[in-house]
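Here's the structure we're looking at; comments come further down.
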Amino acid sequence: MSDTENPMSVYTAIRSRRDVRAEFTGQIVEDDVLHRILDAAHHAPSVGNTQPWDFVIVRSPETLAEFGKHVADERVAFAESLPADRRETFDPIRIEGIETSGTGIVVTYDPERGGQHVLGRATVDETGIFSAVLAVQNLWLAAISERIGVGWVSFYQEQFLSELLGIPAPVRPIAWLCVGPVSEFQTVPDLERFGWRPRRPLSQAIHREKFGG
Ligand SMILES: Cc1cc2nc3c(=O)[nH]c(=O)nc-3n(C[C@H](O)[C@H](O)[C@H](O)COP(=O)(O)O)c2cc1C
1 MSDTENPMSV YTAIRSRRDV RAEFTGQIVE DDVLHRILDA AHHAPSVGNT QPWDFVIVRS
61 PETLAEFGKH VADERVAFAE SLPADRRETF DPIRIEGIET SGTGIVVTYD PERGGQHVLG
121 RATVDETGIF SAVLAVQNLW LAAISERIGV GWVSFYQEQF LSELLGIPAP VRPIAWLCVG
181 PVSEFQTVPD LERFGWRPRR PLSQAIHREK FGG
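Just so you know, the UniProt record's numbering puts 165 at position 165 of the sequence shown, and the rest follows in order with no gaps.
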């Protein structure tokens, strides 16, 4: 699909993007669509132009099931850490669509990409990770413009995921993204719909001249 056939504005994409958990149809995202989405991710800005990301496409049902089981265990551990009232709110909230999406994209970050002298990272080391996260955001927005759902899963132990996919240190997995066709996009984020946490008003996030001003 070309841009002219698919004219979603960037503002519409930003407003309609959702973290998708329950709405995956079970169909698999087509390879050419996936390629366009990954190409968008690959065009993200990056510190020193290091492009420190890689993308591992996971479709093996066994691997999806194994990761899903690990995430389910971590979900239980989180639930058990909550006070009773928060636990009651959390209980009905889904936190992943690992198997139902049928495709996991694991985004990794390589701190050694670009060598020792990365232009722009000498003072703020996290700019490397920031760059990889920008690739995730590009992917997410490209996906919504293709009407493809994305759900970010972070309920995992990093070492478990590295071993599962053979990711060699010091490369780190920074996101497991469930990617696939959806029946609908919710208009209100799940965490707001289920009463976990609403969006802050923009006016609270804007400060003038000094923080707090
Ligand atoms: C770094 C990061 C990690 C996240 N991890 C999870 C997760 O493990 N499970 C989940 O259901 N949602 C996860 N989310 C999605 C957020 O809950 C979601 O973005 C937020 O509630 C706002 O909803 P929206 O994306 O639909 O606007 C994650 C989002 C980010 C940015």
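Note that the Cβ used here is the ideal one computed from N, Cα and C, for glycine as well.
> Roughly how many whole angstroms lie between the Cα atoms of Thr-123 and Ser-131?
Replying inline: What you label residue 123 is simply residue 123 of the sequence shown in a count that begins at 1. What you label residue 131 is simply residue 131 of the sequence shown in a count that begins at 1. Their Cα atoms are separated by approximately 15 Å.
For Ile-95 and Gly-120, I'd like the C-alpha separation in whole angstroms. Counting from one through the sequence shown, the residue named residue 95 turns up at place 95. Counting from one through the sequence shown, the residue named residue 120 turns up at place 120. Approximately 35 Å between the Cα atoms of the pair.
*Straight-line gap, Asp-75 to Ile-174 (C-alpha atoms, nearest Å)*: One-based indexing of the sequence shown puts residue 75 at position 75. One-based indexing of the sequence shown puts residue 174 at position 174. First, the residue type needs correcting, since residue 75 is Arg and not Asp in the sequence shown. Near 18 Å, if we compare the C-alpha coordinates of Ile-174 and Arg-75.
Review point. Would DSSP call Ile-98 helix, strand or coil?
Key: What you label residue 98 is simply residue 98 of the sequence shown in a count that begins at 1. In the structure shown, Ile-98 sits in a helix (DSSP, three-state: H, G or I).
inquiry  = With distance defined between alpha-carbon atoms, name the residue in Ile-144, Ser-154, Gln-157, Glu-158 nearest to Gln-186.
reply    = Mapped onto the sequence shown, residue 186 falls at position 186. When each option's Cα is compared against that of Gln-186, the closest is Ile-144.
task = Report yes if the C-beta of Val-153 is less than 7 Å from at least one heavy atom of ligand 1; otherwise report no.
result = Residue numbering aside, residue 153 sits at position 153 when the sequence shown is read from its first letter. Answer for Val-153: yes, Cβ within range of ligand 1.
Residues that DSSP places opposite Trp-53 in a beta bridge:
Your numbering for residue 53 matches position 53 in the sequence shown. Trp-53 is bridged to Tyr-109.
**Request:** Apply the 10 Å Cβ neighbour rule to Trp-140 and answer buried if 16 or more other Cβ atoms are within range, or exposed otherwise.
**Result:** As a position in the sequence shown, residue 140 is number 140, starting the count at 1. The residue in question, Trp-140, is buried, as its Cβ has 16 or more Cβ neighbours within 10 Å.
query: Hey, out of Asn-138, Ile-129, Gln-204, whose CA is closest to Tyr-109's CA?
result: Here residue 109 is taken as the residue at index 109 of the sequence shown, counted from 1. Checking every option, the nearest Cα to that of Tyr-109 belongs to Ile-129.
Report whether the distance from the Cβ of Glu-96 to the nearest heavy atom of ligand 1 is below 7 Å.
The residue you call residue 96 lines up with position 96 of the sequence shown. Yes, since a heavy atom of ligand 1 falls inside the 7 Å radius drawn around the Cβ of Glu-96.
Item to complete: Put Asp-19 into one of helix, strand or coil per three-state DSSP.
Response: Within the sequence shown, the letter at position 19 stands for residue 19. If DSSP states are grouped into helix, strand and coil, Asp-19 belongs with the strands.
Notebook entry, point to check: Just reading off the alpha helix (DSSP H) that Arg-36 is part of, what are its end residues?
Noted result: Counted from its first residue, the sequence shown places residue 36 at position 36. Following the DSSP letters along the chain, one finds Arg-36 inside the alpha helix (DSSP H) bounded by residues 31-42.
So, is Phe-24 buried or exposed, given that buried needs 16 or more other C-beta atoms within 10 angstroms? Residue 24 sits at position 24 when you count from the first residue of the sequence shown. Residue environment for Phe-24: buried (at least 16 other C-beta atoms within 10 angstroms of its C-beta).
*Could you tell me if the beta carbon of Arg-59 falls within a distance shorter than 7 Å of some heavy atom in ligand 1?*
As a first step, residue 59 must be located in the sequence shown, where it is residue number 59. For ligand 1, not one heavy atom lies less than 7 Å from the Cβ of Arg-59.
Can you name the residues that DSSP bridges to Gly-149? The residue labelled residue 149 in the question sits at position 149 within the sequence shown. Gly-180, per the DSSP bridge assignment.
Which residues bound the alpha helix (DSSP H) around His-70?
-> Translated into the one-based positions of the sequence shown, residue 70 becomes position 70. Segment 61-80, the alpha helix (DSSP H) holding His-70.
Return the CA-CA distance between Asp-54 and Gln-27, expressed in angstroms with no decimal places.
Residue mapping note: residue 54 aligns to position 54 of the sequence shown, counting from 1. Residue mapping note: residue 27 aligns to position 27 of the sequence shown, counting from 1. Answer to the nearest angstrom: the Cα atoms are 24 Å apart.
task: Quick one: using the 10 Å Cβ neighbour count with 16 as the cut-off for buried, is Tyr-11 buried or exposed?
output: Locating residue 11 in the sequence shown gives position 11, counting from the first residue. Label assigned to Tyr-11: exposed.
message: Considering only heavy atoms of ligand 1, does any lie closer than 7 Å to the CB of Leu-191?
response: Translated into positions along the sequence shown, residue 191 becomes position 191. Because some heavy atom of ligand 1 lies under 7 Å away, the Cβ of Leu-191 counts as near it: yes.
Once you ignore the five residues that flank Val-58 on each side, which residues in its own chain have a CB closer than 6 Å to its CB?
Reading the sequence shown from its first residue, position 58 is the one you call residue 58. Result list for Val-58: Gly-104, in chain order.
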